[in-house]
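Chains A and B, in that order, give the protein sequences. Note that the first sequence covers residues 1 to 285 in UniProt numbering. Note that the second sequence covers residues 1 to 285 in UniProt numbering. Glycine included, C-beta positions come from ideal geometry on N, C-alpha and C. Here the structure comes first, spelled out in structure tokens, and everything after it is commentary.
2 protein chains.
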Amino acid sequence: MPKPLLGRPVAKALSHDVRKTVETWKSRGVQPKLVTLLANDDHAASVYANQKKRIAERLGIQCDVIELPQQSDTEAIVRQIQALNDDPSVHGIMIEMPLAPSVDVQRVVGAIHALKDVDGLSPCHSFAKPTPEAALYPATPLACIRLLKHYGYQLKGADVTLVGCGQTVGMPLLHLLIAEGATVAACHEHTRDVRAHLRDSEIAIVAVGKGGLLGPDMVHDGLTVVDVGISQGENGDVQGDLAPEAAAKTKAYTPTPGGVGAVTTVQIFANLMHAMELQEAAGMV
Amino acid sequence: MPKPLLGRPVAKALSHDVRKTVETWKSRGVQPKLVTLLANDDHAASVYANQKKRIAERLGIQCDVIELPQQSDTEAIVRQIQALNDDPSVHGIMIEMPLAPSVDVQRVVGAIHALKDVDGLSPCHSFAKPTPEAALYPATPLACIRLLKHYGYQLKGADVTLVGCGQTVGMPLLHLLIAEGATVAACHEHTRDVRAHLRDSEIAIVAVGKGGLLGPDMVHDGLTVVDVGISQGENGDVQGDLAPEAAAKTKAYTPTPGGVGAVTTVQIFANLMHAMELQEAAGMV
Chain A
1 MPKPLLGRPV
11 AKALSHDVRK
21 TVETWKSRGV
31 QPKLVTLLAN
41 DDHAASVYAN
51 QKKRIAERLG
61 IQCDVIELPQ
71 QSDTEAIVRQ
81 IQALNDDPSV
91 HGIMIEMPLA
101 PSVDVQRVVG
111 AIHALKDVDG
121 LSPCHSFAKP
131 TPEAALYPAT
141 PLACIRLLKH
151 YGYQLKGADV
161 TLVGCGQTVG
171 MPLLHLLIAE
181 GATVAACHEH
191 TRDVRAHLRD
201 SEIAIVAVGK
211 GGLLGPDMVH
221 DGLTVVDVGI
231 SQGENGDVQG
241 DLAPEAAAKT
251 KAYTPTPGGV
261 GAVTTVQIFA
271 NLMHAMELQE
281 AAGMV
Chain B
1 MPKPLLGRPV
11 AKALSHDVRK
21 TVETWKSRGV
31 QPKLVTLLAN
41 DDHAASVYAN
51 QKKRIAERLG
61 IQCDVIELPQ
71 QSDTEAIVRQ
81 IQALNDDPSV
91 HGIMIEMPLA
101 PSVDVQRVVG
111 AIHALKDVDG
121 LSPCHSFAKP
131 TPEAALYPAT
141 PLACIRLLKH
151 YGYQLKGADV
161 TLVGCGQTVG
171 MPLLHLLIAE
181 GATVAACHEH
191 TRDVRAHLRD
201 SEIAIVAVGK
211 GGLLGPDMVH
221 DGLTVVDVGI
231 SQGENGDVQG
241 DLAPEAAAKT
251 KAYTPTPGGV
261 GAVTTVQIFA
271 NLMHAMELQE
281 AAGMV
């Protein structure tokens, strides 16, 4: 029987660590604080921002959501970010995507102070150093690595197939996996034979967002699948890239929902703790 | 018989293009200009800087080598770079590595204006966009791609094994290859079975710097090897990562010397032309 790798126990262990670090900061008179910028009227963005706020509060972290005026242009957003960069009481800055099409996303993202970029949005930060210790990386790729380690997987020397090489998840994962010592076969829409790569791998990380992309003929009972893909099925249900019939044929897999996503929501705050550590070393806290 | 993929014809074709673009700029009253900063007393660095100058002059490009005072610290180098950033007659800035151990390389590299970073040194620039058209990438990885295309190789969908994932060559190559649509198996020192990956690939790019790393038992007659590794043999000769006995068993290979290196020296100036185009679009020229 394949083993479901649940996100919840990983998130729980991580929450415990984060809460302890938060307490230490508080005992030193510092209230950890994240600011989320909401610069669009996207309903989902507002839902995410509020969800983040709830989790933050459970962890003892202050989370302010700043709603920017509807028509904010690049300059206005950059000015707002610079004010937050200069505010020593703010330890992390996040931007809820998507921004309005007229906004220069690269400029906005680049304006965030490297040590407050808890979402690892800027490639200057997330690709700057090969080790996860030295920089802030996006939460989802970090959550994948954390989940695998939690369940005892050894990444050094492991043969991993990565399916999906997008800028948000796939490419940062590629950097992280290589930094961990994994050999990675990077597959994507132009790959001729994804199955051949999966056949020779012990771990697959799938981040495409096409429900059921990995069918039962693609997997094998020596394969662990970390499923990062999220899409909506015809009935409106959230579904992963791994088809349920395929999950049954693996060695282990992360369920959707209940897999990586649960870890990601806490990883953001683990990033905030990491950011505060880097800020302290830089004399900013 | 394996086909040697010589760098010279590629470099010649590229030189022709660069020279034509230089002439167009000159006819508009603009003298293309590269500045190389020499901030150490390394003999090799000085040799490289002067070699670059000679090639530049053959292409009609002005190339100034600025020797910084021996004890220049990070601040002094950054100030020098900022002056060059602000000088509209300077279109490209390069730094001869290595810098002194006391210098903060990340800060120095990060100080170069994104559109003048012709060496693609900063990850903010080289990893910022997934397409080679949109940003300045390091010359060596670009030279590998150019050489393969010159000899008619189709990268979209191709199975490529990359051996060596260093920050200077391997990782930027990984980004470029994926942007070109290649499926890439990223191998390195922790990879258990490089041979298995090579067996399933049609192209290998090797960038390790260990002479003869790829022996005859690693290759096959369907494999094209692009050899980027450079090291010095016991007799002082320059040698590649592909052993000569292995080269004889491939479908095609780049010789060392006479392969990628010959293309790289011109690619730097192709980057300068690309940088000038981006600068013009940004109203800087």
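| message | Using beta carbons (cut-off 9 Å, strictly below), is residue 58(B) in contact with chain A? | response | no
| task | For residue 52(B), count neighbouring Cβ atoms within 10 angstroms of its own Cβ and tell me buried if that reaches 16, exposed if not. | result | buried
| message | Give the list of continuous beta strand (DSSP E) stretches no shorter than 3 residues that lie fully inside the segment 170-213 of chain A. | response | 183-187, 203-206
| request: Anything in the segment 14-29 of chain A with a Cβ closer than 9 Å to a Cβ of chain B? List those residues in chain order, please. | output: none
| Coarse secondary structure for residue 102(B), derived from DSSP in three states | coil
| said: Using 8 Å for Cβ pairs, my map puts residue 296(B) next to residue 276(B). What's the rounded Cβ distance? | reply: Because residue 296(B) is not part of the residues shown, which for chain B are 1 to 285, the question remains open.
| query | What residue does the beta strand (DSSP E) around residue 67(A) start on, and which one ends it? | reply | 62-67
| query | With 9 Å set as the bound, which would you pick, yes or no: does the beta-carbon of residue 131(B) sit closer than that to a beta-carbon of chain A? | reply | Note that residue 131(B) has pLDDT 47, beneath the 50 cutoff, so the model's placement of it is unreliable and no number is given.
| query | If you count every other CB in all the chains shown that lies within 10 Å of the CB of residue 107(B), and 16 or more means buried, which is it? | reply | exposed
| query | What residues from the segment 184-203 of chain B come within 9 Å of chain A, judged by C-beta to C-beta, listed N to C? | reply | 184, 185, 186, 187, 188, 189, 190, 191, 192, 193, 194, 196, 197, 200
| field | Residue nearest to residue 96(B) in terms of C-alpha spacing, selected from 243(B), 41(B), 203(B) | value | 41(B)
| query | Are residue 155(B) and residue 181(B) closer than 9 Å when you measure CB to CB? | reply | yes
| Neighbour flag for residue 97(B) against chain A, beta carbons, 9 Å | no
| Name the DSSP bridge partner or partners of residue 239(A)? | 231(A)
| task | Could you check if residue 141(B) is buried or exposed, using at least 16 other CB atoms within 10 Å of its CB as the buried criterion? | result | buried
| Using a Cβ-Cβ cut-off of 6 Å (strictly less than) and excluding sequence neighbours within five positions of residue 287(B), which residues of its own chain qualify? | With chain B covering 1 to 285 only, the question about residue 287(B) has no answer from this structure.
| query | For residue 267(B), does the count of other Cβ atoms within 10 angstroms reach 16, so buried, or fall short, so exposed? | reply | buried
| query | Roughly how many whole angstroms lie between the Cα atoms of residue 269(A) and residue 15(A)? | reply | 9 Å
| said: Within 9 Å of any Cβ in chain A, is that where the Cβ of residue 273(B) sits? | reply: no
| Spatially closest choice to residue 289(A) from 86(A), 39(A), 121(A), by CA coordinates | No answer is possible for residue 289(A): the residues shown for chain A start at 1 and end at 285.
| query | Along chain E, in chain order, which residues have C-beta atoms closer than 9 Å to that of residue 136(B)? | reply | The structure shown contains no chain E; the protein chains it does contain are A and B.
| field | Run of the alpha helix (DSSP H) containing residue 145(A), from where it starts to where it stops | value | 139-150
| Closer than 9 Å to chain B by CB, residue 156(A) | yes
| request: With residue 219(B) as the anchor, note down where its alpha helix (DSSP H) starts and where it stops. | output: Element bounds for residue 219(B): n/a, residue is neither H nor E.
| request: Quick one: using the 10 Å Cβ neighbour count with 16 as the cut-off for buried, is residue 10(B) buried or exposed? | output: buried
| query | Going by DSSP, what residues sit across from residue 33(B) in a beta bridge? | reply | 62(B)
| query | residue 120(A) by DSSP, collapsed to three states: which one? | reply | coil
| message | Can you tell me whether residue 117(A) is buried or exposed? The criterion is at least 16 other CB atoms within 10 Å of its CB, across all chains shown. | response | buried
| task | Decide if residue 244(A) is buried, meaning its Cβ has at least 16 other Cβ atoms within 10 Å, or exposed. | result | exposed
| query | When you check each C-beta in the segment 156-177 of chain A against every C-beta of chain B, which residues fall closer than 8 Å? | reply | 156, 157, 159, 165, 167, 171, 174, 175
| Is it right to say residue 43(A) is buried, meaning 16 or more other beta carbons lie within 10 angstroms of its own, or is it exposed? | exposed
| query | Would DSSP call residue 12(B) helix, strand or coil? | reply | helix
| field | Contacts of residue 101(A) in chain B (Cβ-Cβ under 8 Å) | value | Chain B residues near residue 101(A): none, gap ~17 Å exceeds 8 Å.
| task | Measuring only between beta-carbons, confirm whether residue 182(A) sits less than 9 Å from chain B. | result | yes
| task | Let me know the secondary structure DSSP gives residue 224(A) once reduced to three states. | result | strand
| query | Is there a Cβ from chain B that is less than 9 Å from the Cβ of residue 141(A)? | reply | no
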